[in-house]
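In structure tokens, the structure reads:
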């Protein structure tokens, strides 16, 4: 199997045989090949991929490729499935639109059942922007390869790490991925671009720690009965793991124990396994996990994100049946046609009926393709990703003002487009000053609603609405 990871800074190839790595190769990309982490010149990129495939000696054209999770949506949903009732596409989309914004015009949607129970199914749903996926497919086709599977980078990372519960960082020069795996299922997946400008090692460690904390808080808020254990291991992959100073700063910042990557396959000692973690996970796609599924009974998803329009054509059972029926009918009618004109009329009638059925089937398929899912945005996921560096600045203002006035910040929580700060001041006068300082910072909508008991309370929750979130 040949796997391809295309990042905005590098192309990585790997060839495996079963669970053994045979060879690997990489090629750095010049600036301008990507724009805002999206492929801008698929043909030129395809030419570079072709050169790398040729120079590396990898002759197989069928490939498994990864696709960035940046701008993609993924969520695990629960769909009711009463006994004897088959879960349909409409049922899945109806449940998915309750927890994630869906637009069939801009997203390719894929899903896979990851767990079943009495009267329910848990289904992993992924939505990939059409322009991002189409551009990558153009590049792979221009390279002369035949993509057979597309996998989200976060899914590949979870498969390479092969742990039932783990936190994963994938650090690249232009962006990083966060994956929270629980019971072998990637419950939270995020791809985040680094802030603009020159960042110090301390800045990067702080930014990583903040985003990991936000991701963990998001998970804990949605699964309060099974919060992330502080002893959960953190595995860091990607090109930037070679920065020892960053790894030391990150360990001191996050608090979770960092463990080395030990993927479940055989590879040479000199393979930079951390840099090829995505390729390793792609190679494991479709293989049985090396360990039994976790306590929840789940197994890692092997969902193929390749849309039907890019898959090799294979007749469906219905099409095979219709084709066989037509052949049988023709076989019966040809002798009669040669004998009498009546047989010819019967054949024409049968063809006319088939055309009517086929036309009705095409009309129904067109209606299904044109049916758009109902829109209902829930924005916990989208808001955090879209707020980017602004949220970090808001948190900095909240903490700095608290430090100046000796106000103890006990908890900061984020929900929707608001931030709730639970704090306690030495007295109610200081509490008033803290509230006033937050208003004067200019980062939050004014006036800030005071907590119950104000102005004579010295503690309580303060709800802030960042101006950038309006």
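In the working numbering, the protein residues as written are 6 to 475. The beta carbon of each residue, even a glycine, is placed where N, CA and C say it ideally should be. Keep in mind the model is a prediction, meaning the values are calculated, not measured.
Strand pairing of residue i, partner residues [DSSP]
i, result
"residue 424", "419, 469"
"residue 127", "83, 120"
"residue 29", "19"
"residue 67", "151"
"residue 191", "186"
Exposure of residue i, with buried meaning 16 or more beta-carbon neighbours within 10 Å
i, result
"residue 419", "buried"
"residue 261", "buried"
"residue 439", "buried"
"residue 411", "exposed"
"residue 336", "exposed"
"residue 330", "exposed"
"residue 421", "exposed"
"residue 268", "buried"
"residue 399", "buried"
"residue 326", "exposed"
"residue 328", "exposed"
"residue 413", "exposed"
"residue 241", "buried"
"residue 82", "buried"
Residue i versus residue j - alpha carbon distance
i, j, result
"residue 217", "residue 237", "13 Å"
"residue 270", "residue 8", "15 Å"
"residue 540", "residue 350", "Limits of the chain in this structure are 6 at one end and 475 at the other, which puts residue 540 out of reach."
"residue 482", "residue 36", "Absent from the structure is residue 482, since the part of the chain shown begins at 6 and ends at 475."
"residue 448", "residue 20", "51 Å"
"residue 466", "residue 55", "58 Å"
"residue 197", "residue 395", "13 Å"
"residue 183", "residue 195", "5 Å"
"residue 338", "residue 352", "6 Å"
"residue 231", "residue 170", "12 Å"
"residue 158", "residue 366", "37 Å"
"residue 314", "residue 344", "44 Å"
"residue 126", "residue 225", "22 Å"
"residue 228", "residue 452", "33 Å"
Close Cβ partners of residue i (< 6 Å) along its chain, the five nearest in sequence each way excluded
i, result
"residue 76", "134"
"residue 390", "Confidence at residue 390 is low in this model, with a pLDDT of 49, below 50, so its placement is unreliable and the value that follows should be read with caution. For residue 390, where only same-chain residues beyond five positions count, there are no Cβ hits under 6 Å."
"residue 80", "104, 105, 130"
"residue 177", "12, 243, 244"
8 Å Cβ shell around residue i - same chain, five flanking residues per side excluded
i, result
"residue 144", "11, 44, 47, 48, 50, 51, 54"
"residue 210", "251, 254, 255, 257, 258"
"residue 435", "410, 411, 412, 463"
"residue 432", "463"
7 Å Cβ shell around residue i - same chain, five flanking residues per side excluded
i, result
"residue 458", "465"
"residue 468", "423, 425, 454"
Residue i beta carbon near the ligand ATP (any heavy atom closer than 7 Å)
i, result
"residue 133", "Only the bare structure without any ligand can be found here, which leaves the ligand ATP out of the picture."
Task: Contact the stretch 82-95 vs the stretch 190-207: 3+ CB pairs below 8 Å - done: Verdict: no, contact absent.
Task: the stretch 8-25 / the stretch 63-74 touching (three or more Cβ pairs under 8 Å) - done: Yes: the two stretches touch, three or more of their Cβ pairs being nearer than 8 Å.
Task: Touching by the beta-carbon criterion (3+ pairs, under 8 Å), the stretch 149-169 and the stretch 189-197 - done: Three or more Cβ pairs drawn from the stretch 149-169 and the stretch 189-197 lie within less than 8 Å of each other, which places the two stretches in contact.
Open item on the list: Counting beta carbon pairs with one atom in the stretch 144-158 and one in the stretch 250-259, are three or more of them shorter than 8 Å?
Closed with: The stretch 250-259 is not in contact with the stretch 144-158.
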